[in-house]
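Encoded as structure tokens, the structure appears first; notes follow it.
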Amino acid sequence: MKEHDKIDESKTGETWFDQVPKVELHLHLEGAIPHDALWQLVQKYEGESSVPNLQALIERFNYRDFPHFMETWVWRNQFLREYEDFTFIAEAVARDLANQNILYAEVTFAPSDFARHGLETQKLAEAIRNGLYQVPDVEIALIADLVRSRELDNAARNLAEINEVRSLGIIGITIGGSEQDYPAEPFADIYERARQLGFHTSAHAGEAAGPESIWGAIRSLKVDRIGHGTRAFEDDSLVAYLAEHCIPIEICLISNVKTRVVESIEKHPVRYYFDRAIPISINTDDPKMFGNSLAEEYYVLETRLGFSREEIRILILQGIDESWLSEDRKQELARTFCENPYW
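Mapping of the sequence shown onto the working numbering: residues 453 to 795, in sequence order.
As structure tokens, then:
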């Protein structure tokens, strides 16, 4: 056991999990807005009777199931209407990440969700980057969610638009939303075009649907990573394939419990995947909508799933390795982590 594994939390007020450097690869910008920042936006747009105060806003973030979560997601988006709102939330999210000792993050945003407010993809990306620039303590790359519930023409247009502003640090694409209602296969040509343009690729799969959605992301979209991948364990051949081909899974432990994808932390398959050498990273997904943090994700791995500190260090370093950073930058970041006094 390393010396900093023995931190006296009663004296520091923080745990080793708070202080150790971390990375996050599956984080939605809109789902990571600190509550006080979102409350300011609610007030800006004249509020709503169902959320008369900050506590009422926080209480909105309880879900019966995944569809109810998606309903709440759409409800929340109504308070993001202007470019300045995105600069505001991007800075707030980046500061929150820096305060958690998250040194690198790949943050997803969904430009098509806000087209109804007349917001253009390129200007939206610029507004987000302007907010991120205010917080140099955390390195943030952007991933565009093409949103599987939108028409394919819309996704193709979004891809062309983000390609024009990729210099703002947009490095990849994903598709979020319900795999059950909107399967991956129709997006095959769009993903092929994204690869031709040099974008990295991921897709939400195995969250709202079973192993077939993961197979669809692999076979039709040829993704670099799988977002969630929770239900892969239902198909032994899929688990073997993921391990053999080293396809990374972006694990979102607490999110999966909060949306009722799994019944409890103890029943989550993360240990099953880890023990079978499937490359996994640990992520929060939508932390301000689920009331979690990356430190808490690692804490429950140790206290409820039996992961050791050494195994957690392996997971953190795997997050770096599975990121879309350059190989040189990965090595540099890994050295920085291993030299950190709390490592």
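Each residue gets a CB set at the ideal place from its N, CA and C atoms; glycine is no exception.
Here DSSP, grouped into helix, strand and coil, assigns K674 to coil.
Under the 10 Å beta carbon count, E616 is surrounded by fewer than 16 other beta carbons and is classified as exposed.
Residue E543 holds the alpha-carbon nearest to the alpha-carbon of V590 among G743, D633 and E543.
Here V713 carries a coil assignment [DSSP, helix/strand/coil]. For H720, there is no enclosing beta strand (DSSP E), as DSSP marks it with neither H nor E. Note on geometry: alpha-carbon atoms of I706 and Q586 lie some 29 Å from one another. The three-state reading of DSSP puts I766 in helix, counting H, G and I together. Beyond the five residues adjoining it in sequence on each side, G668 comes within less than 6 Å, by CB distance, of P635, A636 and E637 in the same chain, given in chain order. Boundaries of the beta strand (DSSP E) around D597: E591 to D597. Between G679 and A657, the alpha-carbon positions lie close to 6 Å from each other.
Proximity of the segment 698 to 713 to the segment 726 to 745 meets the contact definition, three or more beta-carbon pairs being nearer than 8 Å. If you look at F789, you'll find it in the alpha helix (DSSP H) that goes E779 to E791. Taken in chain order, the complete alpha helix (DSSP H) segments of 4 residues or longer contained in the segment 529 to 607 are 535 to 551 and 573 to 584. Assigned with DSSP and collapsed to three states, D633 falls in coil, not helix or strand. Remark: fewer than three beta-carbon pairs, one from each stretch, lie closer than 8 Å, so the segment 759 to 779 and the segment 482 to 494 are not flagged as touching.
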